[in-house]
Structure formats: structure tokens, C-alpha cells
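Structure first, commentary second.
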Amino acid sequence: MHMFELTTDLSSINDTTVVLRLALAVILGGVIGYERGRAGRPAGLRTHILVCLGSTLAIMTNQYVFERFGAGDPTRIAAQVISGIGFLGAGTIIVTGRHQVKGLTTAAGLWATACMGLAIGIGFYKAAIISCILIAFATVVLHRLDNLMLSKSKVLDVYVEFNKSVSVTAVIDTIKGLMINIDSIELVKPTYGTSASVAAIMTLRLKQKRLRLDVIAKICAIEGVDFAEEI
């Protein structure tokens, strides 16, 4: 009796498809995870491999039960994987002290990687490979495009801490004098400076195209501003 039997049937559950699908899950999950890990994200290479491997194993087990015993819903576990991955994605999303949300791309990448694993596990190889390429494209190439578009935008969100020696109104009037419109302002508790009495998160709209770093530098130079940064 052979312990391992090769076959050309890649749609059903057999020795060949078990090895092929699990290996493909490690490879494709690793492709996505490598980029996230290199970018310093909390969910990197190992996390993405495990997510893809786990979802692949889950849907393979579902298919195995369906083929072996002729009973059960072959899509039931897939639905549970899709909803269950949410808790892991939520763990990568953080809200900083300046109300800045980070980790959304990583969370979406984990969810997409889980879906990719389901496609691998059920034998939808073409879709899994194409989706891996597109996910990698979205996280690498489109990330650079996002940064390019952001650098050319005339709208920016700024976190500013005000010194106790001046009024917030006076500083805001000075900011408006720099050819800047203030679309919205939210007063918050200071995060950094001990001498700051109040801080604000402001959405600014530039009246003319300028480097965003120059705008932040001019705001920092205003009397009464202890700290300012773009968020």
C-alpha cells in the first residue's frame, strides 16, 4: 500500500492536491506577507502565511467531509472563515492619540489573503494566483500612487498643540493669514507637550499649491504653537 499516491486529478481531495494546495498557500500568502513585513506592519510574513494556510485547510477539510461522507454544506466553513478573520484584522487597526487611524490596509490585506486561501483550498488555482498578483499590486504600486496623489492634494489634516501664553483664536487667525482655509477644527487633549493647554485637529485647505512640509514648518513657526504635524 502506497503512503503517497500522485494523480492528475487536481479538483478533488487526494494526496497530490493536499500537498499542492498547502504549498501554494504558503507561497502566495508569503508573497503578500513579505511586502507587509518589509513595510514594518504588525501582520507580516508569518501572519499572512498562517491566515492563507488556515483558510486553505479549512475549506479543504470541508470539501473532504463532503466528498467522503456525502453530506454537509461545502460552503459553510468558507462563510465562517470570512466572518471569523475580522477579529484578526481588527487587531491590526489602531487609533493613535491624535485620532489617526492606522492599519486599515493591513486588515484588508489579511481578509483578502484569507479569501485567496479559500480559493486555493477549493482548487480555484487560477483565481488564487491572479488575486495574489493583484493584491501585491494594490499594496505596493497603488501605495506609491496614493502617496503621490496625497502630495499633490491641497487638503491636509494637521495636529497642532497650542501654548498657554496665547489664545487659540489668535493662532487660528494667523494660520488663515498664510493663505490657508480651515474647513474644520476639533479641540482635543494634548498628546506630547506638557506646556500645551489645548490641542486641535484641523482640516486645512490651501489656496495655492505648496509643499506640505513648508506649510507645517510655517505653522510650527507661529508664536504660540508648541508642536504641529500632518496626520
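Take the sequence shown: its letter number 109 is residue 109 in UniProt numbering, and every next letter is one higher.
Beta carbons are placed, not taken as given, at the ideal position from N, Cα and C, and that holds for glycine.
From the DSSP output, read off the bridge partner residues of residue i.
{"i": "Ala-199", "result": "Glu-161, Val-188"}
{"i": "Val-26", "result": "In the DSSP output, where bridge partners are listed per residue, Val-26 has none listed."}
{"i": "Leu-150", "result": "Answer is none; Leu-150 lacks a bridge partner."}
{"i": "Leu-156", "result": "Leu-204"}
{"i": "Asn-181", "result": "Arg-205"}
{"i": "Ile-94", "result": "Lys-102"}
Can you check which of these residues, the options, is closest to residue i by C-alpha distance?
{"i": "Asp-226", "options": "Thr-113, Ala-199, Lys-209", "result": "Ala-199"}
{"i": "Ser-197", "options": "Ile-27, Gly-44, Ala-23, Phe-162", "result": "Phe-162"}
{"i": "Asn-62", "options": "Leu-53, His-48, Ile-77, Cys-52", "result": "Ile-77"}
{"i": "Gly-33", "options": "Asp-173, Ala-43, Leu-24", "result": "Ala-43"}
{"i": "Ala-217", "options": "Leu-187, Thr-16, Pro-190, Leu-178", "result": "Leu-178"}
{"i": "Ile-130", "options": "Met-116, Ile-122, Leu-20, Thr-92", "result": "Met-116"}
{"i": "Ile-49", "options": "Ala-25, Tyr-64, Leu-187", "result": "Ala-25"}
{"i": "residue 240", "options": "Val-19, Thr-92, Lys-154, Leu-142", "result": "As displayed, the chain neither begins before 1 nor continues past 231, which places residue 240 out of reach and without an answer."}
{"i": "Ile-27", "options": "Thr-191, Leu-211, Thr-113", "result": "Thr-113"}
{"i": "Val-65", "options": "Arg-21, Thr-105, Asn-14", "result": "Asn-14"}
{"i": "Leu-211", "options": "Leu-150, Thr-105, Glu-223", "result": "Leu-150"}
When you compare the CB positions of residue i and residue j, do they come within less than 8 Å of one another, or not?
{"i": "Glu-230", "j": "Leu-156", "result": "yes"}
{"i": "Leu-110", "j": "Gly-89", "result": "yes"}
{"i": "Val-81", "j": "Ala-107", "result": "no"}
{"i": "Asn-181", "j": "Lys-209", "result": "no"}
{"i": "Asp-173", "j": "Thr-203", "result": "no"}
{"i": "Ile-94", "j": "Gly-103", "result": "yes"}
{"i": "Val-51", "j": "Gly-30", "result": "no"}
{"i": "Leu-53", "j": "Leu-22", "result": "yes"}
{"i": "Gly-121", "j": "Ser-55", "result": "yes"}
So is residue i buried or exposed if we call it buried at 16+ other beta carbons inside 10 Å?
{"i": "residue 236", "result": "The structure shown does not extend to residue 236, since the chain is modelled only from 1 through 231, so no value can be given for it."}
{"i": "Ala-119", "result": "buried"}
{"i": "Met-1", "result": "A caution first: Met-1 carries a pLDDT of 43, below 50, which makes its placement in the model unreliable, though a value can still be read off. Met-1 is exposed by the Cβ-count criterion."}
{"i": "Gly-40", "result": "exposed"}
{"i": "Thr-8", "result": "exposed"}
{"i": "Thr-139", "result": "buried"}
{"i": "Glu-35", "result": "buried"}
{"i": "Leu-10", "result": "exposed"}
{"i": "Ala-79", "result": "exposed"}
{"i": "Thr-92", "result": "buried"}
For the ligand GDP, is there any heavy atom lying closer than 7 Å to the beta carbon of residue i?
{"i": "Phe-124", "result": "In the structure on display, the ligand GDP does not appear, and there are no ligands present to speak of."}
Task: Ordered list of alpha helix (DSSP H) runs contained in the region 203 to 231, each at least 4 residues - done: Within the region 203 to 231, the complete alpha helix (DSSP H) runs of at least 4 residues are 212 to 220.
Open item on the list: In chain order, what are the residue ranges of uninterrupted alpha helix (DSSP H) at least 4 long that sit wholly in the region 113 to 137?
Closed with: Fully enclosed alpha helix (DSSP H) runs of 4 or longer: not present.
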